[in-house]
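Residues in the sequence shown are numbered consecutively from 508, following our numbering.
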Amino acid sequence: MVNTQLTPATERGTRTPCIVIVGGGAGGLQLATRLANTVGKRGLAEIVLVDRYPTHFWKPLLHEAASGHRDPATHTIEYAAQARQYGFRFVQGDLQRVDRTRRVAKIGAVLDAEGAQILPARELHYDDLVLAVGSVTNFFNVPGAAEHALPLENLEQAEDFRRTFLAACTKANYQAEEQPGQPVQPVCVNVIGAGATGVELAAALRHAMNQLTTYRFKALVAERDVCIRLIEGGPRILPALDERLSGKTHARLEQLHIDVLTGIRVAEVTHDAIVTATGDRLASDITIWAAGVAGPAMLKQLGDIALNASNQVIVTDTLQTPDDPHIFAFGDCAACPVQGKRGFLPPRAQVAHQQALYLVRAFEQRLSVKPVAGFAFHDAGTVVSLGQAGAVYQTEPSTRSRALIIDGLAAIGLYKFLYRKHLLGLHGTKRTLLQSLSHWLQSRNRPAIKLH
Ligand SMILES: Cc1cc2nc3c(=O)[nH]c(=O)nc-3n(C[C@H](O)[C@H](O)[C@H](O)COP(=O)(O)OP(=O)(O)OC[C@H]3O[C@@H](n4cnc5c(N)ncnc54)[C@H](O)[C@@H]3O)c2cc1C
């Protein structure tokens, strides 16, 4: 049970309490929308959403944006439009620090591409502050990794990767056209880390390359001229999942002509290679780092709020920090205990989604001064997309005896359903159906992949 009141009315006077949510990602935008639609609508609280970007893009789709399968333009949501529709306030800017004594969140200035100021630095008063700022790539201090490996945290980075990949393929294709019959220098893409993100990205890239050779790079032979390697430090890919699923996925990736290397520790990344712990040098035109995440460095500026070793905010089962009941954290940036077990919940969209729904109920209870029970995560299983080769799904990975593997169309359907579920939470049934129809019509009118 938690302390059940926001700022007590005796302190607040007639002012409506203000709940500031920082981060409009998979969890934060759901929370802002649903809170605005419930307690906001009833005038019980003012809901403010802060994000550094003006638009939202669901992070689990990033590998599809990076491979060119998903056009970001048709899948971004403008925070200002969502705010107007549901009645929350949107503030653009970066949370930089928090003054817990004055209950003020300090938001940095917003600059344009040339560095000129669009908005000044601001202070936002809160009664409760909810942190949903996600995670950043953890390079584990591997020399050269931060300089030479590309992370995949946001749309800019996904687009950056896509352009670099297309440029490398354009060069190779030109070489093949100029010297017909001669072998070309293959384009080498290395994905470091074979968790779900790395596996999905490698599969999506192979799929993309097969499609690109039919549209643009006709002189290239996809599997011969573009080498895609997936490198994992542990003994098997998808280490968090069942061993059978891991083996099956490994075999399927090899059928897709993806080189899967397990038990390989990366000791250094250079501009054109990966150096392993045993001293081997693997050529690399593009290196992507998908080997782990950590909480953003900014979380250290919260004024003595305890963080774990991965720089995530430690929270109790009510998602409040033990140091300050007016600060909440959830999603990737939070270290939330697993009920009845040791350790923390994994950084997954499913966790962020369930925590957002929990917080809506918890705030409703708090505002009605009712006791609030703790958050319990219900694992609905894990789906990993393999692009054209389908998807694999496993129920409750922790309960081996109940592990179930579904693949083929059923798993692809399930994978697509996760995104639709996110949209349903944001737009309701009617708009989601209309959007799905519009996405389908647009996909009939365009090449299957972004070509530039
Ligand atoms: C390629 C890829 C594929 C994935 N696939 C899956 C999958 O299939 N299934 C699954 O469950 N999970 C998947 N994940 C993980 C999933 O995306 C995350 O667990 C989920 O997005 C976490 O949600 P969140 O709300 O905590 O953070 P995010 O969705 O990352 O949102 C964080 C938000 O905070 C904003 N922000 C950050 N710092 C600041 C700041 N200082 N000030 C203001 N705003 C800030 C960001 O702009 C962003 O909008 C995938 C991740 C990646 C990268």
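Quick reminder that beta carbons are idealized off the backbone N, C-alpha and C, glycines included.
Go ahead and pull the three-state DSSP assignment for residue 523.
coil
Mind checking which residues open and close the alpha helix (DSSP H) that includes residue 726?
Careful: residue 726 lies outside any alpha helix (DSSP H) and carries neither H nor E.
CA-CA distance, residue 842 and residue 917?
33 angstroms
Taking 8 angstroms as the threshold, find out whether the stretch 610-620 comes into contact with the stretch 735-742 through three or more Cβ pairs.
no
May I ask whether a heavy atom of ligand 1 can be found less than 8 angstroms away from the beta carbon of residue 569?
yes
Hey, would you say residue 640 sits closer than 9 angstroms to residue 793, going by beta carbons?
no
Measuring CB to CB, does residue 528 end up less than 9 angstroms from residue 555?
yes
Pop quiz: residue 551 and residue 833 are said to be a contact at Cβ under 8 angstroms. What is the actual Cβ separation, rounded to whole angstroms?
Contact flag wrong, Cβ pair sits at about 17 angstroms.
Span separating the alpha-carbon of residue 887 from that of residue 926
14 angstroms
Short check: CB of residue 573 to CB of residue 672, under 9 angstroms?
yes
Beta-carbon separation (whole angstroms), residue 537 vs residue 955, contact threshold 8 angstroms
Going by Cβ atoms, the distance from residue 537 to residue 955 rounds to 30 angstroms, so no, they are not a contact pair.
Below 8 angstroms, can you find three or more Cβ-Cβ pairs linking the stretch 556-564 to the stretch 579-591?
yes
For residue 956, which of helix, strand or coil comes out of DSSP?
coil
Consult DSSP for residue 892 and reduce its assignment to one of helix, strand or coil.
strand
First through last residue of the beta strand (DSSP E) which encompasses residue 697
694-699
Check whether the stretch 673-685 touches the stretch 756-770, taking contact to mean three or more Cβ pairs, one atom from each stretch, closer than 8 angstroms.
no
Contact check, residue 967 vs residue 611 under 8 angstroms by CB: the rounded distance?
Lying outside 508 to 959, the shown extent of the chain, residue 967 is not represented and no answer is given.
Could you pull out every residue in the same chain whose Cβ sits closer than 8 angstroms to the Cβ of residue 929, ignoring the five residues on either side in sequence?
533, 537, 565, 856 and 860
Using a 10 Å radius around the Cβ and a threshold of 16 neighbouring Cβ atoms, would you call residue 829 buried or exposed?
exposed
Between the CA atoms of residue 634 and residue 771 - distance to the nearest angstrom
49 angstroms
Per the DSSP calculation, residue 924 is bridged to which residue(s)?
In DSSP, residue 924 forms no bridge with anything.
Helix, strand or coil for residue 848, going by three-state DSSP, please let me know.
coil
Using three-state DSSP, classify residue 789 as helix, strand or coil.
strand
Any heavy atom of ligand 1 closer than 8 angstroms to the beta-carbon of residue 952?
no
Short Cβ contact (9 angstroms threshold) for residue 593 with residue 523
no
Residue span of the alpha helix (DSSP H) that contains residue 963, given as start and end:
Residue 963 cannot be examined here, being either before or after the span of the chain that is shown, 508 to 959.
Determine the extent of the alpha helix (DSSP H) in which residue 589 is found, giving its start and end residues.
586-593
At a cut-off of 8 angstroms, is residue 721 close to ligand 1 when judged by its beta-carbon and the heavy atoms of the ligand?
no
Just to confirm, is the Cβ distance from residue 707 to residue 891 under 9 angstroms?
yes
In the DSSP assignment, find the alpha helix (DSSP H) that holds residue 579 and state where it starts and stops.
579-582
In the DSSP assignment, what residue or residues form a beta bridge with residue 655?
Partner(s): none; residue 655 has no beta bridge.
Could you pull the start and end residues of the beta strand (DSSP E) that residue 606 belongs to?
602-606
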